[in-house]
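Undergrad:
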Amino acid sequence: MGGIGKTTLAKLVYNGKKLESFFNLKAWACVLEDFDVAAVTKTILQSLTSKNCVGKDLNWLQEKLKKKLRGKRFLVILDDVWNKNYNDWTLLRAPVEVGALRSSIVVTTRNQKVSSLMRNKEVEPFQLELLSNEACLSIFTQHALEARDVSAHPNLKDIGEELVRSEDEDRDEWEKVLKNKIWDIPVEANGIPFSLMLLRNKGAWTFEASSRDTLHFKLENVIEPNDAKDA
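Mapping to the UniProt record's numbering: the sequence shown position 229 is 229, numbers consecutive.
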């Protein structure tokens, strides 16, 4: 699943202070869906050396990488891997096998087949789970309301709970909200951020902004199906 936090967790590990004294070298490579062994090898080598390797062929890149890693304990993180071709993985792995014992390659992927293909049989893959609604509400409260507890804003609690329960079927609606120009305006009305007002009233309000200094709100005539019958 995308957006669950695989890359964030990997970065937390990669930047951890405890690893600085354990590994001699570290490299990070964001792997594109259009997998290319030479491109990934180049990214790893450039991450290790901070030198540009543009125009070099795969053989040159692998020889340089092998020389750099030989006898060193290293950490390489391959982020967002999609490729399921075993031959590609074997070719990519070849120059890193000269490293010292306890060197590590960490792979993040949303594809179970990739995980099965690239895993070390002695190490079980770590699968992230979705956050609970309570944890999501806590994060939402900290970022949207700058508070540790939603109880400080009881009038907004139901909005927050509705947001954290939103699922994939609402994607189109939330994309409309995301692209709305209201996010560019750092103004509050009646103590409630415009962003929350928009989320609370999405579908009922149309936001129009001709500039950062001019706001226009228009209340649409929104009638629920049940209300229409009563009318």
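Quick reminder that beta carbons are idealized off the backbone N, C-alpha and C, glycines included.
Leaving aside the five residues before and after residue 99 along the sequence, list all residues of the same chain whose C-beta is less than 8 Å from its C-beta, in chain order.
TA: Its chain contains 69, 70, 71, 72, 73, 74 as the residues whose beta carbon lies nearer than 8 Å to that of residue 99, once the 5 sequence neighbours on both sides are disregarded; these appear in chain order.
Undergrad: First and last residue of the alpha helix (DSSP H) that includes residue 139?
TA: 133 to 144
Undergrad: To test your reading of the DSSP string, which unbroken alpha helix (DSSP H) runs of 4 or more residues are found completely within the UniProt domain "NB-ARC" (1 to 148)?
TA: 6 to 14, 17 to 20, 37 to 49, 58 to 69, 86 to 93, 112 to 118, 133 to 144
Undergrad: When the Cα atoms are used, what is the spatial distance from residue 200 to residue 144?
TA: Here the model assigns residue 200 a pLDDT of 48, short of 50, so the residue's position is not dependable and the matter cannot be decided.
Undergrad: Measure the alpha-carbon distance for residue 38 versus residue 123 and round it to whole angstroms.
TA: 27 Å
Undergrad: Is the CB-CB distance between residue 117 and residue 84 below 7 Å?
TA: Contact: yes.
Undergrad: Could you pull out every residue in the same chain whose Cβ sits closer than 8 Å to the Cβ of residue 226, ignoring the five residues on either side in sequence?
TA: At residue 226, the pLDDT of 48 sits below 50, so the modelled position is not reliable and the matter cannot be decided from this model.
Undergrad: Excluding five sequence neighbours on each side, which residues of the same chain lie with their C-beta closer than 7 Å to the C-beta of residue 47?
TA: 27, 28, 29
Undergrad: Quick one, which of 25, 6, 106 has its alpha-carbon nearest residue 66's?
TA: Minimum Cα distance to residue 66 is reached at 25.
Undergrad: Over the uninterrupted alpha helix (DSSP H) stretch that includes residue 179, give me the two end residues.
TA: From DSSP, residue 179 is part of no alpha helix (DSSP H); its letter is neither H nor E.
Undergrad: Could you check if residue 22 is buried or exposed, using at least 16 other CB atoms within 10 Å of its CB as the buried criterion?
TA: exposed
Undergrad: With a threshold of 6 Å on Cβ separation, who are the neighbours of residue 95 within its own chain once the five nearest residues in sequence on each side are excluded?
TA: 62, 65, 66
Undergrad: Between which two residues does the alpha helix (DSSP H) harbouring residue 246 extend?
TA: No answer is possible for residue 246: it lies beyond the span of the chain, which begins at 1 and ends at 231.
Undergrad: Would you call residue 80 buried or exposed, if buried means 16 or more other Cβ atoms sit within 10 Å of its Cβ?
TA: buried
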